[in-house]
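Take 972 as the starting number for the first sequence in this note's numbering and just add one per residue. Don't be surprised by glycine CBs; every beta carbon is placed ideally from N, CA and C. This structure is a prediction, so every number in the text was calculated from the model and none was measured. To keep things clear, I will list the structure first and then write my remarks on it.
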Amino acid sequence: MKIGYPCINLSIGCTTNSTFRLKNYSERNLIEKVNNNLDCLQKILEFNLKHNLLFFRMSSDIVPFASHPINKFNWQKYFKNRFEEIGNFIKKYDFRISMHPDQFVLLNSPDKKIVQNSIKELIYHCEVLDLMGLDKTAKVQIHVGGVYYDKKESIKRFVRNYQQLPAMVKSRLVIENDERLYSIIECLSIYQETGIPIVFDYFHHSCLNKGETYLEGINMALKTWQKKDGLMITDYSTQKKGARTGTHTEHIDLKDFENYIQSTLYLDFDIMLEIKDKEKSALKALKILKKWRR
DNA sequence: AGTTGTCAAGCTAGT
DNA sequence: ACTAGCTTGACAACT
972 MKIGYPCINL SIGCTTNSTF RLKNYSERNL IEKVNNNLDC LQKILEFNLK HNLLFFRMSS
1032 DIVPFASHPI NKFNWQKYFK NRFEEIGNFI KKYDFRISMH PDQFVLLNSP DKKIVQNSIK
1092 ELIYHCEVLD LMGLDKTAKV QIHVGGVYYD KKESIKRFVR NYQQLPAMVK SRLVIENDER
1152 LYSIIECLSI YQETGIPIVF DYFHHSCLNK GETYLEGINM ALKTWQKKDG LMITDYSTQK
1212 KGARTGTHTE HIDLKDFENY IQSTLYLDFD IMLEIKDKEK SALKALKILK KWRR
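So this is what it looks like as structure tokens:
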């Protein structure tokens, strides 16, 4: 079991998300920013290694405008060696890596243009992982998408569009239960049509479920992961007090997390902590993990 | 030097 | 009709 946090480290003082405005697009700008982002990624991974946080979600912003039509630059070739170096570091120390494209990636949109843009964006994410030389346990995680007034039809559309994806995307893509639209049960119906593994999101499941407990939910998701996919990935967070339903907490709820760990000792999976204070909570979570596991 | 409106992209629910 | 929230800040023009 590995534990990690997404995209941003708050104590190092660098970011992998540096970018520029579209109107300022130039190859020079792009190269400068990607160099900066990759340097920072390396630093974050070194920090994580030192602290035994071996699961990391890489930012989608490493290559700004990667899938935008303005970008004709062969960044894949230009940064090949740098990606490979970082990939070697990841493999040497046995990190688990994932990525999470943002809310604009919608495979089940009725709008063909949106689907096309989404596929381009997915290809970009998978290219990064391929360039790093990571195996298919490095996953790209998305939500099912919108409902568009007809959930059944929208699920069908997801399945149809999934089947059209290039193999390099299919082999990495996983879906996650969300907090408002698609519960774990509905993800399972997509799994049955596609074989796509399901990320179990503990917090989202608490917001939206069909009566199954989180232990039932996590066991349902577990069955969708094959050996080639690596350990099941799960997301963990809790509700921010006083905020609207679905808002992630600022700091980890240690009591809830310890209960979660205690109740799942018989399972093996990786945990991504979607908590706003990032590595601070991840380090606390790791302590609890060590108390209960080995 | 610090503040603040805006930034490629979508959807939903709440105000 | 507008906007917070999503996984989330960073840029750049302005004071």
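Handout entry: Endpoints, alpha helix (DSSP H) assigned at Glu1098
Key = 1083-1102
Handout entry: Local conformation of Ser1142 per DSSP, three classes
Key = coil
Exercise for the section: Leaving aside the five residues before and after Pro1035 along the sequence, list all residues of the same chain whose C-beta is less than 6 Å from its C-beta, in chain order. Expected result: Once the five neighbours on either side are set aside, the close Cβ partners of Pro1035 are Thr990, Lys1004.
Handout entry: Same chain, Cβ closer than 6 Å to Gly975, neighbours up to 5 away in sequence not counted
Key = Leu1024, Phe1026, Phe1027, Met1243
Handout entry: Contact check, Asp1112 vs Ile979, beta carbons under 8 Å
Key = According to the sequence provided, residue 1112 is Gln. The question's Asp does not apply to it. No. Outside cutoff.
Practice task
Using DSSP bridges, identify the partner residues of Tyr1207.
Solution key: Leu1244
Practice task
Let me know the secondary structure DSSP gives Gly957 once reduced to three states.
Solution key: This structure gives no information on residue 957, because the portion of the chain shown stretches from 972 to 1265.
Practice task
Determine, using beta carbons only, whether His1222 and Glu1245 come nearer to each other than 8 Å.
Solution key: Contact flag unset, no.
Practice task
Assign Arg1264 to buried or exposed, taking buried as 16 or more other Cβ atoms, counted over all protein chains shown, within 10 Å of its Cβ.
Solution key: With fewer than 16 other CB atoms across the displayed protein chains lying within 10 angstroms of its CB, Arg1264 is exposed.
Handout entry: Candidates Trp1046, Pro1168, Glu1157, of which the one nearest Lys1181 by Cα
Key = Glu1157
Practice task
Would you mind sorting Arg1215 into buried or exposed? The rule is 16 or more other CB atoms within 10 Å of its CB.
Solution key: exposed
Handout entry: Which of helix, strand or coil DSSP assigns to Gln1233
Key = DSSP places Gln1233 within a helical segment (H, G or I) once states are collapsed to three.
Exercise for the section: Go through its chain and collect everything with a Cβ distance to Lys1199's Cβ below 7 Å, but skip five positions before and after it. Expected result: Lys1107
Problem - Which listed residue (Lys1123, Ser1125, Ile1057) has its alpha carbon closest to that of Val1099 - result: Ile1057
Practice task
Can you grab the Cα-Cα spacing for the pair Pro1081 / Gln1135, in whole Å?
Solution key: 15 Å
Handout entry: Stretch-stretch touch, CB-based, cutoff 8 Å, three pairs: the region 1164-1175 with the region 1184-1203
Key = Three or more beta-carbon pairs drawn from the region 1164-1175 and the region 1184-1203 are found closer than 8 Å, and the two stretches are therefore classed as touching.
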